[in-house]
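Asks:
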Amino acid sequence: MDANTSSNNNDNDIDKIKQDNKNKEICKSINKIICDSDKSCGFGCSIHHVAYCLIAALALNRTLVLYPGEMFNSPTHHYRLLFKSINSICHDIRPQDDWMSNAVNINEIINQKSKTNNNSVYHDDDRIEVIYLPIIEDLDKNAKFRPMAIPEQLRTQLEQLTRIPFVVFLVI
Numbered sequence: 001m002d003a004n005t006s007s008n009n010n011d012n013d014i015d016k017i018k019q020d021n022k023n024k025e026i027c028k029s030i031n032k033i034i035c036d037s038d039k040s041c042g043f044g045c046s047i048h049h050v051a052y053c054l055i056a057a058l059a060l061n062r063t064l065v066l067y068p069g070e071m072f073n074s075p076t077h078h079y080r081l082l083f084k085s086i087n088s089i090c091h092d093i094r095p096q097d098d099w100m101s102n103a104v105n106i107n108e109i110i111n112q113k114s115k116t117n118n119n120s121v122y123h124d125d126d127r128i129e130v131i132y133l134p135i136i137e138d139l140d141k142n143a144k145f146r147p148m149a150i151p152e153q154l155r156t157q158l159e160q161l162t163r164i165p166f167v168v169f170l171v172i
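Residue 163 in full-length UniProt numbering sits at position 163 of the sequence shown; the count goes up by one each step and never skips.
1) Suppose you measure from the CA of E152 to the CA of A59; what does that come to, to the nearest Å?
2) Relative to the C-alpha of I131, which residue among L82, A56, L158 is closest?
3) For V50, tell me which candidate among A143, I109, I136, K144 has the shortest Cα-Cα distance.
4) From the DSSP secondary-structure annotation, give me the bridge partner or partners of V167.
5) Counting along the chain, where does the beta strand (DSSP E) carrying C53 start and finish?
6) In whole angstroms, what separates the C-alpha of L158 from that of V167?
7) Excluding the 5 residues preceding and the 5 following A149 in the sequence, name in chain order all residues of the same chain whose CB lies nearer than 6 Å to its CB.
8) Please determine, among G42, Q112, D126, the residue with the shortest C-alpha to C-alpha distance to I30.
9) In the DSSP assignment, find the unbroken beta strand (DSSP E) run with L133 in it and report its ends.
10) Return the chain-ordered list of same chain residues with a C-beta closer than 8 Å to the C-beta of I110, the five sequence neighbours on each side being excluded.
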């Protein structure tokens, strides 16, 4: 190995360390919602569940993390091809199970807000890094983003297109 090759390898190593450190900071600053995807059902049901998770992530302005369940390990469903891994940003800084142990269940947040009569759209929860979103059957009935909800950011534009904005949102 000549001096130039060694120098290039060192530069690459330094760049990798810089990128990893940058990614650690990015990962810490990302407010995440971890969607429980451990739901045994067919393809249509699974897609409906992912749509519910996406609506919640948009409503809460959070990065969606689909917690691997049966649907991600199914040999007939190729979800890993459709979704980018959070590890492309976070590089396994913390194992995902650790995220789950630190996550606050969305139902606790909803119940706390109903006790205080605070009906804001959850934007004051930015201080919580990780929120856990259960499967839809376990979601509190007071949640503002149950299907057929659409993200408020898109409501006006979608309502101008159709009288059924939820359907258009799912197609986008």
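Beta carbons: idealized from backbone N, C-alpha and C, even for Gly.
It should be emphasised that the depicted structure is a prediction, and the values quoted were computed from it without experimental measurement.
Replies: Inspection of the coordinates gives the following:
1) 7 Å
2) A56
3) I136
4) Looking at the DSSP assignment, V167 forms no beta bridge with any residue, so it has no partner.
5) Unbroken run through C53 is the alpha helix (DSSP H), 43-60; no beta strand (DSSP E).
6) Here the alpha carbons of V167 and L158 stand approximately 10 Å from one another.
7) I55
8) D126
9) 130-133
10) D140, N142, A143
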